[in-house]
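Enquirer: Once you know that position 324 of the sequence shown is 323 in numbering that gives the first Met the number 0, the rest is easy, because the numbers rise by one and skip nothing.
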Amino acid sequence: MAGKGVALLRRHDETAQLVTRVRALGEAADLCEGRVDDAAVAEARRVVTQTDRRLAVSGAATVVALAGATGSGKSSTFNALTGTELATVGVRRPTTSTALACSFGEDSAEELLDWLAIPRRHALEADPRLAAGLDGLVLLDLPDHDSTEVAHRLEVDRLVQLVDMLVWVVDPQKYADAALHERYLRPLASHVDVMMVVLNQVDTLTPEQQEQCLRDLRRLLASEGLGAAEVLGVSARTGQGLDQLRARLGRRIADKRAAARRLAADVEDAAAGLVRASGEEKLPALSSSTVDALTTQLAQAAGVPVVVEAVDKAWRLRGGLATGWPVLAWLAKFKPDPLRRLHLDRLGSGGRRREIDPSGVGRTSLPATTGVQKARVDTALRSLADTASSGMSRGWVDAVRAAARSGEGQLSDALDRAVAGTDLDLSGHRRWWQAVRVLQWALVAAVVAGLVWLGSAFVLAYLRLPPLPDVLWWGLPAPTVLTLGGVVAGLLVAALSRIGVVVGARRRARRARAALRRSVAAVADRLVVEPLRLERQRYDDARAALDRARTAR
Numbered sequence: 000m001a002g003k004g005v006a007l008l009r010r011h012d013e014t015a016q017l018v019t020r021v022r023a024l025g026e027a028a029d030l031c032e033g034r035v036d037d038a039a040v041a042e043a044r045r046v047v048t049q050t051d052r053r054l055a056v057s058g059a060a061t062v063v064a065l066a067g068a069t070g071s072g073k074s075s076t077f078n079a080l081t082g083t084e085l086a087t088v089g090v091r092r093p094t095t096s097t098a099l100a101c102s103f104g105e106d107s108a109e110e111l112l113d114w115l116a117i118p119r120r121h122a123l124e125a126d127p128r129l130a131a132g133l134d135g136l137v138l139l140d141l142p143d144h145d146s147t148e149v150a151h152r153l154e155v156d157r158l159v160q161l162v163d164m165l166v167w168v169v170d171p172q173k174y175a176d177a178a179l180h181e182r183y184l185r186p187l188a189s190h191v192d193v194m195m196v197v198l199n200q201v202d203t204l205t206p207e208q209q210e211q212c213l214r215d216l217r218r219l220l221a222s223e224g225l226g227a228a229e230v231l232g233v234s235a236r237t238g239q240g241l242d243q244l245r246a247r248l249g250r251r252i253a254d255k256r257a258a259a260r261r262l263a264a265d266v267e268d269a270a271a272g273l274v275r276a277s278g279e280e281k282l283p284a285l286s287s288s289t290v291d292a293l294t295t296q297l298a299q300a301a302g303v304p305v306v307v308e309a310v311d312k313a314w315r316l317r318g319g320l321a322t323g324w325p326v327l328a329w330l331a332k333f334k335p336d337p338l339r340r341l342h343l344d345r346l347g348s349g350g351r352r353r354e355i356d357p358s359g360v361g362r363t364s365l366p367a368t369t370g371v372q373k374a375r376v377d378t379a380l381r382s383l384a385d386t387a388s389s390g391m392s393r394g395w396v397d398a399v400r401a402a403a404r405s406g407e408g409q410l411s412d413a414l415d416r417a418v419a420g421t422d423l424d425l426s427g428h429r430r431w432w433q434a435v436r437v438l439q440w441a442l443v444a445a446v447v448a449g450l451v452w453l454g455s456a457f458v459l460a461y462l463r464l465p466p467l468p469d470v471l472w473w474g475l476p477a478p479t480v481l482t483l484g485g486v487v488a489g490l491l492v493a494a495l496s497r498i499g500v501v502v503g504a505r506r507r508a509r510r511a512r513a514a515l516r517r518s519v520a521a522v523a524d525r526l527v528v529e530p531l532r533l534e535r536q537r538y539d540d541a542r543a544a545l546d547r548a549r550t551a552r
């Protein structure tokens, strides 16, 4: 950004504001890099560098360039203003091959001229009357902008970008020259505050013709957005209007703001170029429904429905083993546990831990993502990126889309790890199972006791021994009550417990779905939404920087 030269003019509010704007322009260029047209970014950086350097060298000097076409008389005007014959005068052919500089005042302009890369330079020691009020002026005589030599035109183009003020010298025959207006005046309309148009050779016209030419020239400039430009008629040969020209230049030099205004216009143009390339639409809030749609598709691709179904079945299986009639429940032990089969049983039904990979995060055995699921995830990613980039220019849209897919290669593995690492909340909420299990085993004990009692009676009868005394409960033999009652009660308790197990399985499945979705949403936020948010924030930061760089409106 602006460097050591900034301090030279900081005391002026206009220049201090310029410093802030230049910094903002440099920030905007950095933020827009790779998102907008390279030429717009390069121009912004050129302006930042040029502004920094210009303020660092001879901040009190004002560089004014005389520019014009072949035969317009700019070299004659240069000589007349300086009271010298330094500039070679020609009429039909370009005679100025490189820029010529003449500095007014005691302060050296060598460093400034070195930066401008002007080898032909002269410190004025002419008539003090001619130099009155021009102390601090560095006057340049540029090559002809319509020269047949390409090098001459390139030199004009280079210096037009660097000087503080431009004085375009035209003549009555070619003041409407299309090359001048289309190549220079119209593109520099935003620099009207540091521009002056001088109609030379007015001595060849009658007073009425002079007025007509000046009026027509002003009308032409106004049609090109240069209506505020100063227009003056002079004659370098007779000296007509030269005192007026010196006075106007003197006023520009005296307020010492020409450089700041020129640089401010450059910053405004560069910022406007970035705005056109980048866009200035305010972004709408990121749609939560679109993010939810992406989470839903990622959950499908990650196998969340399969896991939820496995949770439901596993809870029913384990609940049945715990609360069912032990004789029948024993047969259910041969059924495979759905969660263990998917490597999602973190503790296992027997307290065994499943294997974990070296990273410490378990891996699942969920089915591979299908082509349809991949297509739906791709569609959801594209929809999210399109929604997030709504209103952006093409380069920013591409950057947002790339950001949304920046973590695509990690999605599959990250989702698998997220599912494997999700607590499915299966370790608790089953204390009543233990109570039922105790009751069931008590009933089994009753059945066994009844069978032993009946067996004993049968043995005694078979051996013709005295029978056991009869014991009646509710009018029925006690052994029969123990045996049949234990079986019936056990089956009834198992049936009633099954209702509670099914209700609990559904609740566990719902909670598992919510927990898995949160895990999937966290992956989506980290690998998709966050990179996308950062790109949107970069766009907003670029907009804010460009707003600071442009003239307050």
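All residues carry an ideal CB built from backbone N, CA and C; glycine is no exception.
Note that the structure is predicted; figures quoted are calculated from it, not measured.
1. Can you check DSSP and say which residues form a bridge with A66?
2. Tell me, please, whether the segment 499–514 touches the segment 224–240 by the rule of three or more beta-carbon pairs shorter than 8 Å.
3. Opposite M195 in the DSSP bridges: which residues?
4. Keeping to the same chain, check which residues put their C-beta closer than 6 Å to that of R260; ignore five residues upstream and five downstream.
5. Please name the residue, chosen from P142, A66, A444, L80, that lies closest to A488 on a Cα-to-Cα basis.
6. Could you say which of G33, G25, L341, L241 lies nearest to S392 if we only look at CA atoms?
7. Kindly give me the distance between the Cβ atoms of A68 and L179, rounded to whole angstroms, as I take these residues to be in contact under 8 Å.
8. Can you check DSSP and say which residues form a bridge with S102?
9. Taking Cβ to Cβ, would you say L601 is nearer than 9 Å to L285?
10. Given 8 Å as the limit, is there contact between the segment 95–104 and the segment 218–228, that is, 3 or more CB pairs closer than that?
11. Would G132 and R22 qualify as a contact pair, given that the criterion is a beta-carbon distance under 9 Å?
12. Assuming D481 and W452 are in contact, meaning their beta carbons sit under 8 Å apart, how far apart are those beta carbons, in whole angstroms?
13. Per the contact definition of three or more C-beta pairs closer than 8 Å, is the segment 26–45 in contact with the segment 108–121?
14. At what residues does the alpha helix (DSSP H) containing R261 begin and finish?
15. Give every residue of the same chain whose Cβ lies closer than 6 Å to the Cβ of A493, excluding the five residues on either side of it in the sequence, and list them in chain order.
16. Helix, strand or coil for L425 per DSSP?
17. Can you list, in chain order, the residues of its chain whose CB lies under 8 Å from that of L204, leaving out five sequence neighbours each side?
18. For P206, name the three-state secondary structure that DSSP assigns.
19. On the DSSP bridge assignment, give the partners of W114 in chain order.
20. For a test of the three-state rule: what should DSSP assign to R552, helix, strand or coil?
21. According to DSSP, which residues form a beta bridge with W472?
22. With distance defined between alpha-carbon atoms, name the residue in V396, S75, S287 nearest to Y538.
23. Within 10 angstroms of the Cβ of S426, are there 16 or more other Cβ atoms? Answer buried if so, exposed if not.
24. Note down, in chain order, each residue of its chain lying with its Cβ closer than 6 Å to the Cβ of V155, except the 5 sequence neighbours on either side.
25. Give the straight-line distance between the Cα atoms of K334 and S382, rounded to the nearest whole angstrom.
26. Over what stretch of residues does the alpha helix (DSSP H) that includes H151 continue unbroken?
27. Pull up the distance between the alpha-carbon of T14 and that of Y174, whole angstroms please.
28. Can you give the Cα-Cα distance for A417 and V305, rounded to whole angstroms?
29. With which residues is T482 paired in a DSSP beta bridge?
30. Among residues of its own chain, excluding the 5 on either side of R510, which ones have a beta-carbon nearer than 7 Å to its beta-carbon?
31. From which residue to which residue does the alpha helix (DSSP H) around Q557 run?
32. Can you tell me whether S358 is buried or exposed? The criterion is at least 16 other CB atoms within 10 Å of its CB, across all chains shown.
33. Go through its chain and collect everything with a Cβ distance to V470's Cβ below 6 Å, but skip five positions before and after it.
34. Is the beta carbon of T421 less than 9 Å from the beta carbon of L515?
35. Ignoring anything shorter than 4 residues or poking outside the segment 365–408, list the alpha helix (DSSP H) runs there in chain order.
Expert: A quick look at the data gives this:
1. Beta-bridge pairing links A66 to W167.
2. Taking 8 Å as the limit for Cβ pairs, the verdict is that the segment 224–240 does not touch the segment 499–514.
3. Looking at the DSSP assignment, M195 forms a beta bridge with V166, E229.
4. Close CB contacts of R260 within its chain, under the 6 Å cut and outside five residues either way in sequence, are with D192, V193 (chain order).
5. Looking at the Cα atoms, A444 is the closest of the given residues.
6. By alpha-carbon distance to S392, the top candidate from G33, G25, L341, L241 is G33.
7. So it is a contact: roughly 6 Å between Cβ atoms.
8. Per DSSP, A122, V137.
9. Because the chain is modelled from 0 through 552, residue 601 falls outside the range shown and cannot be assessed.
10. Flag = no, the segment 95–104 and the segment 218–228 do not touch.
11. Contact: no.
12. Per the sequence shown, residue 481 should be read as Leu rather than Asp. Right, the Cβ-Cβ distance comes to about 7 Å (below 8 Å), so this counts as a contact.
13. By the C-beta criterion, the segment 108–121 is judged not to be in contact with the segment 26–45, since fewer than 3 inter-stretch pairs fall below 8 Å.
14. R261 -> alpha helix (DSSP H) spans 257–277.
15. Spatial neighbours of A493 in its own chain (CB-CB distance under 6 Å, excluding positions within 5 residues in sequence) are listed in chain order as G323, W324.
16. L425: coil per DSSP, three-state reduction.
17. Excluding five sequence positions before and after L204, the CB atoms of its chain that fall closer than 8 Å to its own CB belong to P171, C212, given in chain order.
18. Here P206 sits in helix by DSSP.
19. Answer is none; W114 lacks a bridge partner.
20. Confidence is the limiting factor: at R552 the pLDDT is only 44, short of 50, which leaves the residue's position unreliable, though a coordinate-based value still follows. In this structure, R552 counts as coil in the three-state DSSP scheme.
21. DSSP output for W472 lists L475 as bridge partner(s).
22. For Y538, the nearest C-alpha among the options comes from V396.
23. So S426 ends up on the exposed side.
24. L141, P142, H144.
25. Cα to Cα, the separation comes out at about 44 Å.
26. H151 -> alpha helix (DSSP H) spans 149–159.
27. Computed Cα separation, rounded: 34 Å.
28. A straight-line Cα-Cα distance of about 15 Å links A417 and V305.
29. None, per the DSSP bridge assignment.
30. Answer for R510: D424, listed in chain order.
31. The structure shown does not extend to residue 557, since the chain spans only 0 to 552, so no value can be given for it.
32. With a pLDDT of 44 at S358, under the threshold of 50, the modelled position of that residue is not reliable, and the figure given next carries that caveat. Counting other Cβ atoms within 10 Å of its Cβ, S358 stays below 16 and is therefore classed as exposed.
33. Only A477 meet the Cβ criterion.
34. In terms of Cβ geometry, T421 and L515 form a close pair [threshold 9 Å].
35. Listed in chain order, they are 370–387, 393–403.
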